[in-house]
Amino acid sequence: MSSDGDTDVEDVPRKRRKGVEKENLTPSPESQDRQDRKRTQTSSRTNNKKARVEQSQRESLSQPGASVSVASHSGITPGKIVRVRLNNFMCHNNLLFTFGDKVNFISGKNGSGKSAILTALVLGLGGRTSDTNRGSSLAKLIKNGENRGSIEITISNTGIRSHDPDKYGNEITVVRNISDRSSTYRLMSDKGKVVSNKRMELNSILMSFNIQVNNPVSILNQDTARTFLKTATPKELYNLFRKGTLIDEIEEKLSELQTRKLPQIRSLLKRKELANSASVQDLLEYKKKWRSTQSWSRLRMRYTS
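FYI, full-length UniProt numbering numbers position 98 of the sequence shown as 98, with every residue one higher than the one before it.
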């Protein structure tokens with residue numbers, strides 16, 4: 001600025017240049033139209049691709065034995081249920097349901113088989129029929145007109161809390177076959193190899209992952225939700241609390257420990273004590289014989305020298 005307050009001559013071109021630069025940054029109408037057309041084409045391609053994927057999913061779900069997928073299950077922690085397959089179970093003749101990572105919602109009309117999936121999870125993981133409020137006969141849950149059915153549940157087995165990964169790999173599949181007369185278990189690896197068919201091994205797996213199929217806090221069936229919480233007495237609510245917090249199960253295991261395990265442990269310790277005592281006696285006897293031998297050797301050397 002000059003002393004009289006006027007603008008210097010050199011400042012005018014600089015301001016004009018700034019104005020020119022700002023004008024040059026503004027896109028022309030033709031360029032703006034090209035950008036708008038490009039965005040419209042990209043959005044159209046995305047929508048068409050999404051529509052094709054949705055149509056493909058609808059077509060696959062309309063086929064017999066369709067797979068219902070909720071979400072991707074990448075990065076699942078050990079013990080999470082990955083999928084369940086039902087064959088001739090209740091109203092399902094062949095259903096594959098794949099669970100998502102987080103919360104899963106199953107919707108459908110009455111009688112479509114929503115609660116059948118929950119019942120299958122309880123029974124497939126070793127639960128009793130009475131735990132599901134579906135009567136007392138497992139055979140009655142076989143689909144009408146069939147004489148056998150099966151429940152197949154796949155559990156994630158990755159991470160540091162995995163159960164015997166050398167045998168099972170990244171997934172454990174529990175198969176419960178149901179017939180008119182009995183039911184059997186098969187525990188399979190991620191390669192499809194049968195690792196065990198014993199219920200004790202299934203209990204060990206459930207304990208490793210802290211899965212409690214008969215815990216009312218974990219699984220609340222519709223009959224309990226409809227009636228129990230409204231009409232239950234304080235005593236029944238307290239029993240529900242004890243069962244939900246595993247107090248009953250802990251007391252049962254402590255009782256079993258006191259009545260069966262402790263006598264076995266005492267008997268084993270007694271046998272070990274007796275064995276150790278016999279070993280000590282043998283050692284003392286050997287030591288006595290060794291000293292006697294040393295004494296005879298010294299006497300012989302004294303009289304023969």
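Using N, Cα and C, we set each Cβ at its ideal position, and we do this for glycine too.
Distance, Cα to Cα, Lys102 vs Gly79? Along the sequence shown, read from residue 1 onward, the residue named residue 102 stands at position 102. Along the sequence shown, read from residue 1 onward, the residue named residue 79 stands at position 79. Distance between the alpha carbons of Lys102 and Gly79: 13 Å.
Beta-ladder partner(s) of Asn94, from DSSP: The residue you call residue 94 lines up with position 94 of the sequence shown. Answer by DSSP bridge pairing, in chain order: Asn87.
As an exercise, report each continuous beta strand (DSSP E) stretch of at least 3 residues that is fully enclosed by the region 177-219, in chain order. 183-188, 194-196
Keeping to the same chain, check which residues put their C-beta closer than 7 Å to that of Pro165; ignore five residues upstream and five downstream. Locating residue 165 in the sequence shown gives position 165, counting from the first residue. Once the five neighbours on either side are set aside, the close Cβ partners of Pro165 are Asn157.
Are there 16 or more other CB atoms within 10 angstroms of the CB of Leu61, so buried, or fewer, so exposed? As a working note, residue 61 is residue 61 in the sequence shown. Residue placement at Leu61 is flagged as unreliable, the pLDDT there being 40, under the threshold of 50; the coordinate-derived value follows with that caveat. So Leu61 ends up on the exposed side.
Around the C-beta of Glu273, are 16 or more other C-beta atoms found within 10 angstroms, so that it is buried, or is it exposed? Counted from its first residue, the sequence shown places residue 273 at position 273. Glu273 should be labelled exposed.
Is Gly149 near Leu86, with beta carbons less than 9 Å apart? For the purposes of this step, residue 149 is identified with residue 149 of the sequence shown, where counting begins at 1. For the purposes of this step, residue 86 is identified with residue 86 of the sequence shown, where counting begins at 1. Yes, they are a contact pair.
Let's see if you can read the secondary structure: which residues bound the alpha helix (DSSP H) around Thr77? The residue given as residue 77 occupies position 77 in the sequence shown. Counting along the chain, Thr77 falls outside any alpha helix (DSSP H), and DSSP gives it neither H nor E.
Compare the C-beta of Met207 against all C-beta atoms of chain C and say whether one is closer than 9 Å. Annotation note: the requested chain C is absent from the structure, which comprises a single protein chain.
Which of helix, strand or coil DSSP assigns to Val12: Residue 12 sits at position 12 when you count from the first residue of the sequence shown. Per-residue confidence for Val12 stands at a pLDDT of 45, beneath the threshold of 50, marking its modelled position as unreliable; no derived number is given.
Grab the span of the beta strand (DSSP E) containing Gly149 for me, first residue to last. One-based indexing of the sequence shown puts residue 149 at position 149. Per DSSP, Gly149 belongs to the beta strand (DSSP E) from 148-156.
From this set, Leu141, Asp131, Arg266, Gly192, which residue's C-alpha is nearest Asn93's C-alpha? For the purposes of this step, residue 93 is identified with residue 93 of the sequence shown, where counting begins at 1. If we check each option's Cα against that of Asn93, Leu141 comes out closest.
Going by the DSSP bridge assignment, what does Glu171 pair with across the sheet? Taking the first residue of the sequence shown as 1, we reach residue 171 at position 171. BP columns for Glu171 point to Ser156.
Looking at the unbroken alpha helix (DSSP H) that takes in Arg242, where does it start and where does it end? Locating residue 242 in the sequence shown gives position 242, where the first residue counts as 1. Unbroken alpha helix (DSSP H) run through Arg242: 234-244.
Given Thr154, which residues of its chain have a CB within under 6 Å of its CB, disregarding the five upstream and five downstream residues? Within the sequence shown, numbered from 1, the residue matching residue 154 stands at position 154. Taken in chain order, the residues that qualify are Val82, Arg83, Glu171, Thr173.
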